[in-house]
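Have a look at the structure below, then the notes.
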Amino acid sequence: MDTEIGCFIQPEVGHAERKVSREFKIEAVKLVREGRVSVAQAGRDLGVHENVLRKWVKEFGSDPVQAFPGHGQLKPEQSEIERLRREVTKLKAERDILKKAGCLLQGGRHLPKDEGDRQVANVPLNLLDRQFVAERQNQKWIADFTYIWTAEGWLYVSAVIDLFSRRVVGWSISASMTVQLVADALLMAVWRRGKPDPLVHHSDHGSQYPAEQFQRLMADSGIVCSMSQSGNVWDSAAMESFFSSLKTERIERKTYRTRNEARADVFDYIERFYNATRRHSTIGYLSPVEFERKVG
(Lines of atoms letter the chains of each structure in order from A and count residues from 1; the text may use other names and numbers.)
(Lines give C-alpha, C1' and ligand atoms only; values in the text may rest on other atoms or scores of the structure.)
Protein backbone atom coordinates (compact mmCIF):
# COMPACT_ATOMS: atom_id res chain seq x y z
CA MET A 1 0.00 0.00 0.00
CA ASP A 2 1.21 3.48 -0.84
CA THR A 3 2.21 5.15 2.42
CA GLU A 4 3.43 8.51 1.16
CA ILE A 5 1.60 11.78 1.56
CA GLY A 6 0.28 12.27 -1.95
CA CYS A 7 1.20 10.11 -4.92
CA PHE A 8 3.29 10.74 -8.01
CA ILE A 9 1.26 10.83 -11.19
CA GLN A 10 2.18 11.05 -14.82
CA PRO A 11 4.14 14.28 -15.41
CA GLU A 12 2.85 16.81 -17.91
CA VAL A 13 4.91 17.80 -20.92
CA GLY A 14 7.72 20.07 -19.83
CA HIS A 15 7.07 19.64 -16.12
CA ALA A 16 8.48 17.58 -13.27
CA GLU A 17 6.50 14.83 -11.58
CA ARG A 18 3.73 16.15 -9.39
CA LYS A 19 1.66 14.86 -6.48
CA VAL A 20 -2.06 14.92 -5.90
CA SER A 21 -4.13 14.94 -2.75
CA ARG A 22 -6.16 12.17 -1.17
CA GLU A 23 -9.31 14.06 -2.14
CA PHE A 24 -8.28 13.99 -5.81
CA LYS A 25 -7.53 10.26 -5.67
CA ILE A 26 -10.87 9.38 -4.09
CA GLU A 27 -12.86 11.33 -6.67
CA ALA A 28 -10.81 9.80 -9.49
CA VAL A 29 -11.52 6.31 -8.15
CA LYS A 30 -15.23 7.03 -7.80
CA LEU A 31 -15.29 8.23 -11.40
CA VAL A 32 -14.14 4.77 -12.50
CA ARG A 33 -15.95 2.61 -9.92
CA GLU A 34 -19.31 4.22 -10.65
CA GLY A 35 -18.90 3.34 -14.32
CA ARG A 36 -19.06 6.88 -15.64
CA VAL A 37 -15.92 6.40 -17.75
CA SER A 38 -13.36 3.68 -18.39
CA VAL A 39 -10.01 3.58 -16.59
CA ALA A 40 -8.24 4.45 -19.82
CA GLN A 41 -10.48 7.44 -20.53
CA ALA A 42 -10.30 8.72 -16.96
CA GLY A 43 -6.52 8.45 -17.04
CA ARG A 44 -6.35 10.49 -20.24
CA ASP A 45 -8.76 13.13 -18.95
CA LEU A 46 -7.06 13.51 -15.59
CA GLY A 47 -3.46 13.23 -16.75
CA VAL A 48 -2.92 10.10 -14.65
CA HIS A 49 -1.13 7.04 -15.97
CA GLU A 50 -3.62 4.20 -16.44
CA ASN A 51 -1.60 1.80 -14.25
CA VAL A 52 -1.47 4.36 -11.43
CA LEU A 53 -5.22 4.84 -11.60
CA ARG A 54 -5.78 1.07 -11.50
CA LYS A 55 -3.58 0.93 -8.39
CA TRP A 56 -5.71 3.62 -6.74
CA VAL A 57 -8.90 1.69 -7.57
CA LYS A 58 -7.46 -1.51 -6.09
CA GLU A 59 -6.18 0.22 -2.94
CA PHE A 60 -9.49 1.99 -2.34
CA GLY A 61 -11.41 -1.23 -2.86
CA SER A 62 -9.29 -3.02 -0.24
CA ASP A 63 -9.87 -0.42 2.48
CA PRO A 64 -11.81 2.76 1.63
CA VAL A 65 -11.26 4.26 5.08
CA GLN A 66 -7.50 3.81 5.34
CA ALA A 67 -6.70 4.16 1.64
CA PHE A 68 -4.29 6.90 0.60
CA PRO A 69 -2.92 7.91 4.02
CA GLY A 70 -1.69 11.46 3.99
CA HIS A 71 -3.75 14.47 3.07
CA GLY A 72 -6.38 14.50 5.85
CA GLN A 73 -5.36 11.01 7.07
CA LEU A 74 -1.96 11.17 8.78
CA LYS A 75 -0.38 8.19 10.48
CA PRO A 76 0.48 8.64 14.19
CA GLU A 77 4.17 9.25 13.54
CA GLN A 78 3.31 11.70 10.76
CA SER A 79 0.92 13.53 13.09
CA GLU A 80 3.68 13.93 15.67
CA ILE A 81 6.08 15.28 13.04
CA GLU A 82 3.39 17.70 11.92
CA ARG A 83 2.76 18.84 15.51
CA LEU A 84 6.47 19.49 16.06
CA ARG A 85 6.70 21.35 12.76
CA ARG A 86 3.85 23.63 13.80
CA GLU A 87 5.54 24.33 17.13
CA VAL A 88 8.81 25.27 15.43
CA THR A 89 6.98 27.54 12.99
CA LYS A 90 5.12 29.22 15.84
CA LEU A 91 8.35 29.87 17.75
CA LYS A 92 9.98 31.32 14.64
CA ALA A 93 6.99 33.60 14.05
CA GLU A 94 7.07 34.84 17.64
CA ARG A 95 10.80 35.49 17.36
CA ASP A 96 10.32 37.48 14.14
CA ILE A 97 7.59 39.58 15.74
CA LEU A 98 9.87 40.46 18.65
CA LYS A 99 12.65 41.41 16.25
CA LYS A 100 10.36 43.68 14.26
CA ALA A 101 9.03 45.31 17.40
CA GLY A 102 12.61 45.89 18.62
CA CYS A 103 13.51 47.67 15.39
CA LEU A 104 10.89 50.28 16.17
CA LEU A 105 12.81 51.63 19.16
CA GLN A 106 13.56 54.97 17.53
CA GLY A 107 14.15 58.37 19.19
CA GLY A 108 13.55 56.96 22.66
CA ARG A 109 9.97 55.95 21.71
CA HIS A 110 9.09 52.34 22.35
CA LEU A 111 6.34 50.61 20.43
CA PRO A 112 4.54 48.18 22.76
CA LYS A 113 4.76 44.54 21.76
CA ASP A 114 1.00 44.09 21.46
CA GLU A 115 0.76 47.03 19.07
CA GLY A 116 3.59 45.58 16.99
CA ASP A 117 1.82 42.24 16.91
CA ARG A 118 -1.37 43.88 15.67
CA GLN A 119 0.49 45.68 12.89
CA VAL A 120 2.20 42.49 11.75
CA ALA A 121 -1.09 40.56 11.87
CA ASN A 122 -3.08 43.27 10.02
CA VAL A 123 -0.69 44.62 7.07
CA PRO A 124 -1.33 42.04 4.05
CA LEU A 125 -1.08 44.32 1.05
CA ASN A 126 -2.99 44.14 -2.24
CA LEU A 127 -0.14 43.12 -4.52
CA LEU A 128 -2.40 41.97 -7.36
CA ASP A 129 -4.15 45.34 -7.81
CA ARG A 130 -6.32 44.09 -10.69
CA GLN A 131 -3.32 42.95 -12.74
CA PHE A 132 -4.75 39.68 -14.01
CA VAL A 133 -2.00 38.88 -16.53
CA ALA A 134 0.92 36.65 -15.48
CA GLU A 135 4.11 36.23 -17.47
CA ARG A 136 4.80 32.66 -16.36
CA GLN A 137 3.33 29.76 -14.45
CA ASN A 138 3.26 30.02 -10.68
CA GLN A 139 3.66 33.79 -10.62
CA LYS A 140 0.15 34.80 -9.57
CA TRP A 141 -2.44 32.55 -7.96
CA ILE A 142 -5.91 33.72 -6.98
CA ALA A 143 -8.22 31.97 -4.53
CA ASP A 144 -11.80 32.07 -3.31
CA PHE A 145 -14.69 29.75 -2.48
CA THR A 146 -18.36 29.43 -3.33
CA TYR A 147 -21.31 27.30 -2.25
CA ILE A 148 -23.66 24.76 -3.81
CA TRP A 149 -27.07 23.67 -2.56
CA THR A 150 -27.90 19.97 -2.25
CA ALA A 151 -30.82 18.12 -0.69
CA GLU A 152 -28.50 17.34 2.24
CA GLY A 153 -27.52 20.98 2.74
CA TRP A 154 -24.80 23.36 1.59
CA LEU A 155 -21.52 22.22 0.03
CA TYR A 156 -18.56 24.61 -0.21
CA VAL A 157 -16.03 24.64 -3.04
CA SER A 158 -12.65 26.33 -2.64
CA ALA A 159 -10.39 26.86 -5.66
CA VAL A 160 -6.95 28.20 -6.55
CA ILE A 161 -6.36 29.43 -10.11
CA ASP A 162 -3.06 30.16 -11.86
CA LEU A 163 -3.61 33.42 -13.75
CA PHE A 164 -1.03 32.47 -16.37
CA SER A 165 -3.19 29.73 -17.85
CA ARG A 166 -6.47 30.15 -15.92
CA ARG A 167 -6.01 26.57 -14.76
CA VAL A 168 -7.57 25.42 -11.49
CA VAL A 169 -4.41 24.10 -9.83
CA GLY A 170 -5.98 23.40 -6.45
CA TRP A 171 -9.47 22.76 -5.12
CA SER A 172 -11.24 21.39 -2.07
CA ILE A 173 -14.85 20.50 -1.36
CA SER A 174 -16.40 20.33 2.11
CA ALA A 175 -19.69 20.55 3.96
CA SER A 176 -18.08 23.11 6.29
CA MET A 177 -16.85 26.61 5.50
CA THR A 178 -13.63 26.41 7.51
CA VAL A 179 -9.97 27.40 7.31
CA GLN A 180 -9.21 23.77 6.45
CA LEU A 181 -11.33 24.13 3.30
CA VAL A 182 -9.10 26.86 1.82
CA ALA A 183 -5.92 25.29 3.24
CA ASP A 184 -6.65 21.99 1.46
CA ALA A 185 -7.12 23.81 -1.85
CA LEU A 186 -3.75 25.54 -1.42
CA LEU A 187 -2.08 22.26 -0.41
CA MET A 188 -3.32 20.62 -3.59
CA ALA A 189 -1.91 23.51 -5.65
CA VAL A 190 1.47 23.30 -3.91
CA TRP A 191 1.63 19.52 -4.36
CA ARG A 192 0.85 19.86 -8.04
CA ARG A 193 3.15 22.77 -8.75
CA GLY A 194 5.88 22.40 -6.14
CA LYS A 195 6.99 25.38 -4.05
CA PRO A 196 7.52 28.09 -6.66
CA ASP A 197 9.38 31.30 -5.84
CA PRO A 198 8.44 34.07 -6.08
CA LEU A 199 4.69 33.49 -6.05
CA VAL A 200 1.84 35.79 -5.02
CA HIS A 201 -1.35 34.23 -3.64
CA HIS A 202 -4.27 36.66 -3.76
CA SER A 203 -7.61 36.34 -1.98
CA ASP A 204 -10.28 38.48 -0.44
CA HIS A 205 -10.22 39.44 3.24
CA GLY A 206 -12.66 36.76 4.40
CA SER A 207 -11.97 35.27 7.80
CA GLN A 208 -10.50 32.00 6.45
CA TYR A 209 -7.56 33.53 4.57
CA PRO A 210 -6.09 35.81 7.31
CA ALA A 211 -6.37 32.95 9.83
CA GLU A 212 -3.12 31.92 11.54
CA GLN A 213 -3.32 28.32 10.25
CA PHE A 214 -3.60 29.46 6.63
CA GLN A 215 -0.99 32.21 6.92
CA ARG A 216 1.44 29.73 8.46
CA LEU A 217 0.87 27.32 5.58
CA MET A 218 1.69 30.05 3.07
CA ALA A 219 4.80 31.08 4.99
CA ASP A 220 5.99 27.46 5.16
CA SER A 221 5.49 27.18 1.39
CA GLY A 222 7.35 30.41 0.63
CA ILE A 223 4.26 32.08 -0.82
CA VAL A 224 3.67 35.83 -0.63
CA CYS A 225 0.24 36.86 0.68
CA SER A 226 -1.87 39.44 -1.16
CA MET A 227 -5.39 40.43 -0.10
CA SER A 228 -8.09 42.78 -1.27
CA GLN A 229 -9.39 45.22 1.27
CA SER A 230 -12.85 44.56 2.70
CA GLY A 231 -15.57 45.50 0.24
CA ASN A 232 -13.27 45.49 -2.81
CA VAL A 233 -14.77 43.03 -5.27
CA TRP A 234 -12.87 44.04 -8.41
CA ASP A 235 -9.78 41.95 -7.66
CA SER A 236 -11.97 38.83 -7.54
CA ALA A 237 -13.15 39.20 -11.15
CA ALA A 238 -11.17 36.22 -12.49
CA MET A 239 -12.38 33.93 -9.70
CA GLU A 240 -15.95 35.12 -10.11
CA SER A 241 -15.68 34.27 -13.81
CA PHE A 242 -14.70 30.69 -12.97
CA PHE A 243 -17.45 30.23 -10.39
CA SER A 244 -19.98 31.73 -12.80
CA SER A 245 -18.91 29.23 -15.46
CA LEU A 246 -19.16 26.36 -12.97
CA LYS A 247 -22.68 27.31 -12.01
CA THR A 248 -24.12 28.23 -15.41
CA GLU A 249 -22.47 25.42 -17.37
CA ARG A 250 -22.98 22.62 -14.86
CA ILE A 251 -24.60 23.26 -11.48
CA GLU A 252 -27.72 25.16 -12.54
CA ARG A 253 -28.72 22.23 -14.72
CA LYS A 254 -28.61 19.74 -11.86
CA THR A 255 -30.53 18.84 -8.74
CA TYR A 256 -28.16 17.15 -6.32
CA ARG A 257 -29.71 14.64 -3.95
CA THR A 258 -26.54 14.25 -1.88
CA ARG A 259 -23.35 16.15 -1.17
CA ASN A 260 -21.36 13.26 -2.61
CA GLU A 261 -23.23 13.55 -5.88
CA ALA A 262 -22.44 17.26 -6.08
CA ARG A 263 -18.81 16.66 -5.07
CA ALA A 264 -18.33 14.15 -7.89
CA ASP A 265 -19.89 16.50 -10.43
CA VAL A 266 -17.70 19.44 -9.41
CA PHE A 267 -14.62 17.22 -9.65
CA ASP A 268 -15.70 16.12 -13.12
CA TYR A 269 -16.29 19.72 -14.23
CA ILE A 270 -12.94 21.02 -12.99
CA GLU A 271 -10.61 18.18 -13.96
CA ARG A 272 -12.25 16.70 -17.05
CA PHE A 273 -13.85 19.79 -18.60
CA TYR A 274 -12.70 23.19 -17.35
CA ASN A 275 -8.97 22.44 -17.20
CA ALA A 276 -8.70 19.92 -20.02
CA THR A 277 -11.32 20.87 -22.60
CA ARG A 278 -13.01 24.23 -22.08
CA ARG A 279 -11.56 26.98 -24.30
CA HIS A 280 -10.77 30.38 -22.80
CA SER A 281 -10.72 33.64 -24.75
CA THR A 282 -8.02 35.09 -22.47
CA ILE A 283 -5.51 32.41 -23.54
CA GLY A 284 -6.14 32.31 -27.28
CA TYR A 285 -9.17 30.02 -27.17
CA LEU A 286 -7.18 27.09 -25.82
CA SER A 287 -7.92 25.01 -22.75
CA PRO A 288 -5.64 25.68 -19.74
CA VAL A 289 -3.92 22.32 -20.18
CA GLU A 290 -3.35 22.94 -23.90
CA PHE A 291 -2.07 26.44 -23.22
CA GLU A 292 0.45 25.24 -20.64
CA ARG A 293 1.73 22.53 -22.98
CA LYS A 294 2.05 24.98 -25.84
CA VAL A 295 3.44 28.02 -24.04
CA GLY A 296 4.63 26.86 -20.63
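For the sequence shown, the positions run 1 to 296 when the working numbering is used.
We put the beta carbon where it would ideally sit given N, CA and C, even for glycine.
Own chain partners of residue i with C-beta closer than 8 Å, once the 5 adjacent residues on each side are dropped
{"i": "A151", "result": "T255, Y256, R257, T258"}
{"i": "R33", "result": "V57, F60, G61"}
{"i": "A211", "result": "V179"}
{"i": "A134", "result": "K140, D162, L163, F164"}
{"i": "Y285", "result": "R279"}
{"i": "S221", "result": "L186, V190, K195"}
{"i": "Q137", "result": "D162, F164, S165, R193, P196, E292, G296"}
Backbone CA spacing between residue i and residue j [nearest angstrom]
{"i": "T146", "j": "V157", "result": "5 Å"}
{"i": "F24", "j": "Y274", "result": "15 Å"}
{"i": "Q180", "j": "V295", "result": "33 Å"}
{"i": "Q66", "j": "Q131", "result": "43 Å"}
{"i": "G206", "j": "V29", "result": "33 Å"}
{"i": "S281", "j": "R192", "result": "25 Å"}
{"i": "P298", "j": "R22", "result": "Given that the chain is displayed from residue 1 to residue 296, the structure contains no residue 298 and the question cannot be resolved."}
{"i": "K247", "j": "D129", "result": "26 Å"}
{"i": "E252", "j": "A264", "result": "15 Å"}
{"i": "V289", "j": "F242", "result": "15 Å"}
Other residues of its chain near residue i: CB distance less than 7 Å, five sequence neighbours each side excluded
{"i": "C225", "result": "P124, H201, Q215, M218"}
{"i": "I270", "result": "V168, W171"}
{"i": "R250", "result": "D265, Y269"}
{"i": "L199", "result": "N138, Q139, W141, I223, V224"}
Backbone secondary structure at residue i - three-state DSSP
{"i": "R278", "result": "coil"}
{"i": "V133", "result": "coil"}
{"i": "S236", "result": "helix"}
{"i": "M218", "result": "helix"}
{"i": "D45", "result": "helix"}
{"i": "T248", "result": "helix"}
{"i": "Y156", "result": "strand"}
Whole-angstrom C-beta distance between residue j and residue i, which should lie under 8 Å
{"i": "D268", "j": "L31", "result": "7 Å"}
{"i": "A175", "j": "A143", "result": "With 8 Å as the limit, A175 and A143 do not qualify as a contact, their Cβ atoms being about 19 Å apart."}
{"i": "Q229", "j": "N126", "result": "7 Å"}
Residues near residue i in its chain [Cβ-Cβ closer than 6 Å; skip 5 each side]
{"i": "Q208", "result": "V179, V182"}
{"i": "G188", "result": "For clarity, residue 188 is Met in the given sequence; the question names Gly instead. Result list for M188: S21, G170, in chain order."}
heavy atom of the ligand FMN below 7 Å from residue i C-beta
{"i": "K294", "result": "Only the bare structure without any ligand can be found here, which leaves the ligand FMN out of the picture."}
Any contact between the region 261-277 and the region 30-49? By contact I mean 3 or more CB pairs, one from each, below 8 Å. Between the region 261-277 and the region 30-49 there are three or more inter-stretch CB-CB distances shorter than 8 Å, so the stretches are counted as touching.
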